[in-house]
Amino acid sequence: MTAATYPEKAISYLYEVGMHGGIRRAADALGINPSVVSRQLSLLERSLQLPLLERRGRNVVLTEAGKLLADDYAQTSQRRKLLERQLRDMRHMRGGSVTLRVGQGIVEEVVNNVLKEFSVAWPGVFIDISSGDMQSTVDLIMRGEVDMAVGFGTAGPPGLKSHSFRRGPICAIVRPDHPIAGYSKISIAELTQHRLITMSENFGLQRYLSAIFKSEGQVLAPAYCCNLFSSALSLCQAGLGIAFMTEQAIPQVLRQQELRAIPLDHRIARESQSHLLRSADHRFTPAASYLWQLLCNFLYESEVKESASPGEMR
């Protein structure tokens, strides 16, 4: 077998195993059955006549041969993505492109406060904007598929360049007729007496909530779990429970419908942060550098504004 005939799919599975530290975790990230990954890697080892994986405790790591294949795959993938982007820019006669990942709870703010200004300064640049949970965002940056991202979480992920900003207290979001709507703040013990609406564990917000309940020795037992903030807010609007997010994350149209944001009475909730993320070794184009700076300025100004005027939404 020559390098030109190496099975790329199997090597991509090997790369994912190295990234995630196990066959099952890699399969979950890829959305396929673990047996498929295991079978492909076994065939690859037999064809190369080299071991590619070894077990260390509970984790699976790559051998030296495995690392060589995975590194070559990562470099080749990055070159192809760059080529695809350049061809796409030529096809659409664009002045370059930037890929941006934004947490669901901050999309509206970024569009109105950052992308409007960016589009005036760089009208020919194509923006590929997507949204999703924190863990998926980190994975995409590590793979070189996203230039930069704004996420919400308990800490900036290791291995990435990040700037962190105070986001404001995490709040309980309720309708005006909810029993806690008149509170100035609410304890975790009080929250357990009501129906709660949470997000899946991959969301930075949910990791905050899990840490908060754990620190208070309380069990977080939600009535609903969502993978979209819009779903959580719809449930909240219907009077089916208490949703959670920062006050700024509530869309303007829902603010006008008089939803209440009640700060959680907990240190972790008050110290919640958003993170501006990028790969530590990824070089930016001038347009990407400008967008990065705009995001830094916006998040810093939001932090200053939140510190100067804390309080619930009215």
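Per the numbering used here, the sequence shown runs over residues 142 to 455. Think of the CB as a built atom: it goes at the ideal place given N, C-alpha and C, for glycine as much as any other residue.
Problem - Whether L440 touches F306 by CB criterion (7 Å) - result: Counted from its first residue, the sequence shown places residue 440 at position 299. Counted from its first residue, the sequence shown places residue 306 at position 165. Closer than 7 Å, so yes.
Practice task
Would you grab the beta carbon distance between R336 and A364 for me? Rounded to a whole angstrom, and I think it's under 8 Å.
Solution key: For the purposes of this step, residue 336 is taken as the residue at position 195 of the sequence shown. For the purposes of this step, residue 364 is taken as the residue at position 223 of the sequence shown. With 8 Å as the limit, R336 and A364 qualify as a contact, their Cβ atoms being about 4 Å apart.
Practice task
May I ask which residues mark the beginning and end of the alpha helix (DSSP H) holding Q181?
Solution key: Position 40 of the sequence shown holds residue 181. For Q181, the enclosing alpha helix (DSSP H) has its first and last residue at P175 to L189.
Exercise for the section: Verify whether the separation of the beta carbon atoms of V239 and A428 is less than 7 Å. Expected result: For the purposes of this step, residue 239 is taken as residue 98 along the sequence shown, with counting starting at 1. For the purposes of this step, residue 428 is taken as residue 287 along the sequence shown, with counting starting at 1. Against a cut-off of 7 Å, the Cβ pair of A428 and V239 comes out as a contact.
Practice task
Count the C-beta pairs between the stretch 380–390 and the stretch 185–202 that are closer than 8 Å, then say yes if the count reaches three, no if not.
Solution key: no
Handout entry: Sheet register partners of C367 (DSSP bridge)
Key = Here residue 367 refers to the residue found at position 226 of the sequence shown. Per DSSP, M340.
Practice task
Report yes if the CB atom of I314 is closer than 7 Å to the CB atom of A215, and no otherwise.
Solution key: One-based indexing of the sequence shown puts residue 314 at position 173. One-based indexing of the sequence shown puts residue 215 at position 74. Cβ atoms of I314 and A215: not closer than 7 Å.
Exercise for the section: Please work out which residues of its chain come closer than 6 Å, Cβ to Cβ, to E399, disregarding the five sequence neighbours upstream and downstream, and give them in chain order. Expected result: Translated into the one-based positions of the sequence shown, residue 399 becomes position 258. The answer, listed in chain order, is P317.
Handout entry: Distance between G300 and S341 (C-alpha atoms, nearest Å)
Key = Against the sequence shown, residue 341 aligns to sequence position 200. Against the sequence shown, residue 300 aligns to sequence position 159. Spanning the alpha carbons of S341 and G300 requires a straight line of approximately 24 Å.
Practice task
Run the CB neighbour count on S272, radius 10 Å, all protein chains shown included, and call it buried at 16 or more, exposed below.
Solution key: Here residue 272 refers to the residue found at position 131 when the sequence shown is read from its first residue. Around the beta carbon of S272, 16 or more other beta carbons sit within 10 angstroms, so the residue counts as buried.
Problem - Coarse secondary structure for Q219, derived from DSSP in three states - result: As a first step, residue 219 is located in the sequence shown; it is residue number 78 there, counting from the start. Reduced to three states, the DSSP call for Q219 is helix.
Handout entry: Chain-order list of residues whose beta-carbon lies under 8 Å from that of V255 (same chain, five-residue window excluded)
Key = Position 114 of the sequence shown holds residue 255. Cβ within range, chain order: L432, L435, L436 and F439.
Practice task
Taking G285 and S218 to be in contact with their CB atoms under 8 Å, please state how far apart those CB atoms are, rounded to whole angstroms.
Solution key: Sequence index remark: in the sequence shown, residue 285 carries index 144 (1-based). Sequence index remark: in the sequence shown, residue 218 carries index 77 (1-based). Yes, they are in contact, since the Cβ atoms of G285 and S218 sit about 7 Å apart, within 8 Å.
Practice task
Inspect the beta-carbon positions of I353 and I409 and report whether they are closer than 7 Å.
Solution key: The sequence position of residue 353 within the sequence shown is 212, counting from 1. The sequence position of residue 409 within the sequence shown is 268, counting from 1. For I353 and I409, yes; Cβs fall inside 7 Å.
Practice task
Determine the burial state of G265: buried for a count of at least 16 other Cβ atoms within 10 Å of its Cβ, exposed for fewer.
Solution key: To locate residue 265, count along the sequence shown from 1; it is residue 124. Classification for G265: exposed.
Handout entry: Beta-carbon spacing of H407, S303 below 7 Å
Key = Counting from one through the sequence shown, the residue named residue 407 turns up at place 266. Counting from one through the sequence shown, the residue named residue 303 turns up at place 162. Contact: no.
Handout entry: Boundaries (first-last residue) of the alpha helix (DSSP H) holding R316
Key = By 1-based counting over the sequence shown, the position of residue 316 is 175. Neither: R316 is in no alpha helix (DSSP H) and is coded neither H nor E.
Practice task
Could you tell me whether the Cβ atoms of I403 and Y324 are closer together than 7 Å?
Solution key: The residue you call residue 403 lines up with position 262 of the sequence shown. The residue you call residue 324 lines up with position 183 of the sequence shown. Yes; because the gap between Cβ atoms is below 7 Å, this pair is in contact.
Problem - Top-ranked residue by Cα proximity to A179, from L189, A167, S188 and Q190 - result: Start at 1 with the first residue of the sequence shown, and residue 179 comes out as number 38. Looking at the sequence itself, residue 179 is Ser, so the reference to Ala does not match. Relative to S179, the option among L189, A167, S188 and Q190 whose CA is nearest is A167.
Practice task
List the endpoints of the continuous alpha helix (DSSP H) containing A410.
Solution key: Here residue 410 refers to the residue found at position 269 of the sequence shown. In this chain, the alpha helix (DSSP H) harbouring A410 covers R408 to R411.
Practice task
Could you spell out the range, first to last residue, of the alpha helix (DSSP H) harbouring G159?
Solution key: One-based indexing of the sequence shown puts residue 159 at position 18. Residues E149 to H161.
Handout entry: Proximity of A206 and L193 at Cβ, strictly below 7 Å
Key = Counting from 1 along the sequence shown, the entry for residue 206 is found at position 65. Counting from 1 along the sequence shown, the entry for residue 193 is found at position 52. The answer is yes: Cβ separation under 7 Å.
Exercise for the section: Please report how far the alpha carbon of I164 lies from the alpha carbon of A330, in whole angstroms. Expected result: Position 23 of the sequence shown, counting from 1, holds the residue named residue 164. Position 189 of the sequence shown, counting from 1, holds the residue named residue 330. Approximately 40 Å between the Cα atoms of the pair.
Handout entry: Within the stretch 228–314, ranges of the alpha helix (DSSP H) (whole runs, at least 4 residues)
Key = 248–251, 257–262 and 275–283
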